[in-house]
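Next comes the structure, spelled out in structure tokens:
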């Protein structure tokens, strides 16, 4: 078994040079029967850079792990990869053979909704995936619906990371439906996905069914999850998530709490400032009141001195 790790190898090269290298790599890897992992992450070869890899991805019979993080694939590049892998799965099926593909790691590629349907068809046709990471791809609810429905056909899914995409209600409902198929799932990351509090409750309701007891790590952070959703999640954990080690859902609540505390402190400081100002005004009034008799006495003394001075002046004159 061998691994081809070509991540971060194209720094400072021109696009034309990159295409030539990818063509050479694709040709060299095509007949490697024991290649189980290909990593081309952090090489910005753009959608056109995927073309030289199509032939390899279509015909490989051993590849288990495909890593394509931060390659600038875009919609067209993602669709091209999906179609090549779909052809691979169809060839395996035609030859009465199970697909070898187990993991697809394709984050930070601007895949968006445009490539999601092709990817969903690929996922469903393979049906052998255990790990899918597609975080930060600008995928919106329609795309999430496609992807989760495709992944529904992968009952052995262990890890799913869709962080920093956009779910909302539609995407969340598709996720909760798919959860019933993933009895082996132990890592679920849907943090920063605009789930909302109601969606948090819906996920809790899905988890409480007891079909995801293998879950060890769930990330729902920064999704506006509130106390009622957390109560539902607590019930789900107590009832049917015996292996859960980590639940990240309070980060946004902690931020909100910190903001509230900051606002309260600012209000207290403002109130204290007003009170100090009022106290200073009262003190000033009191001081004026205390000084008034002194001023009167001083004025009387001045008056007496003037009268005395006048008398003396008259006497000598």
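Numbering (the UniProt record's numbering), first residue to last: 1 to 317.
Positions of the beta carbon are idealized from the N, C-alpha and C atoms, including for glycine.
### Task
Check whether the Cβ atoms of residue 71 and residue 48 sit closer than 8 Å, and answer yes or no.
no
### Task
Note down, in chain order, each residue of its chain lying with its Cβ closer than 8 Å to the Cβ of residue 136, except the 5 sequence neighbours on either side.
107, 108, 163, 164, 165
### residue 224 versus residue 241: straight-line alpha-carbon distance, rounded
22 Å
### Message
Just to confirm the assignment: which complete alpha helix (DSSP H) runs, minimum length 4, are found wholly within the region 59-107?
### Response
Listed in chain order, the complete alpha helix (DSSP H) runs (minimum 4 residues) inside the region 59-107 are 74-94.
### Message
In whole angstroms, give me the CA-to-CA distance for residue 221 and residue 227.
### Response
13 Å
### Rounded Cβ spacing between residue 180 and residue 207 (contact assumed at less than 8 Å)
Not quite, the Cβ-Cβ distance comes to about 10 Å (not below 8 Å), so this is no contact.
#### Entry: Uninterrupted alpha helix (DSSP H) stretches inside the region 158-241 (no shorter than 4 residues)
168-179, 196-207, 227-240
#### Entry: Pair within 8 Å by beta-carbon distance, residue 39 and residue 60
Residue 60 sits away from residue 39, with the two beta carbons spaced by 8 Å or more.
### Query
Helix, strand or coil: how does DSSP classify residue 142 here?
helix
### Message
In the DSSP output, what is residue 248 paired with across the bridge?
### Response
Under DSSP, residue 248 takes part in a beta bridge, and its partners are 219.
### Task
Could you check which residue in 6, 146, 233, 186 has the C-alpha nearest to that of residue 197?
233
### Query
How about residue 81 and residue 68: do their beta carbons lie closer than 8 Å?
yes
### Task
Could you say which of 1, 168, 211, 215 lies nearest to residue 200 if we only look at CA atoms?
168
### Message
Nearest by alpha-carbon distance to residue 54: which of 42, 34, 24 is it?
### Response
It is 24.
### Query
Run through DSSP, which three-state label would residue 33 get?
In the displayed model, residue 33 falls within coil according to three-state DSSP, outside both helix and strand.
### Task
Determine the DSSP secondary structure at residue 40, reduced to helix, strand or coil.
coil
### Query
When the Cα of residue 144 is compared with those of 122, 174, 11, 79, which residue comes out closest?
174
### Selected residue, minimal CA-CA separation from residue 124, among 90, 204, 50, 211
Comparing Cα-Cα distances from residue 124 to each of 90, 204, 50, 211, the minimum goes to 90.
### Burial state of residue 189, where buried means 16 or more other Cβ atoms lie within 10 Å
buried
### Query
Taking residue 110 as the reference, which of 211, 126, 7, 134 has the closest Cα?
Minimum Cα distance to residue 110 is reached at 134.
### Query
Residue range of the alpha helix (DSSP H) that residue 121 falls in?
116-126
### Rounded separation between residue 237 and residue 66 - CA only
Taking the straight line from one Cα to the other gives about 33 Å.
### Query
When the Cα atoms are used, what is the spatial distance from residue 112 to residue 270?
47 Å
### Task
Taking the CB atoms as reference points, tell me whether residue 341 and residue 41 lie closer together than 8 Å.
The shown model of the chain, from 1 to 317, leaves out residue 341, and the question about it has no answer.
### Sub-8 Å separation of residue 131 and residue 103 beta-carbons
yes
### Message
Less than 8 Å between the C-beta atoms of residue 187 and residue 217, yes or no?
### Response
yes
### Query
Helix, strand or coil: which one does DSSP assign to residue 303?
helix
### Query
So, residue 46 versus residue 27, is the Cβ gap smaller than 8 Å?
no
### Query
By Cβ distance below 8 Å, which residues in the same chain neighbour residue 128 in space, the five residues on each side in sequence not counted?
98, 99, 100, 101, 102, 154, 156.
### Message
Please list the terminal residues of the continuous beta strand (DSSP E) segment that includes residue 131.
### Response
Per DSSP, residue 131 belongs to the beta strand (DSSP E) from 131-133.
### For residue 37 and residue 191, the rounded distance between their alpha carbons
27 Å
### Task
For my contact list, residue 172 and residue 195 are in at a C-beta cut-off of 8 Å; report their separation, rounded to the angstrom.
6 Å
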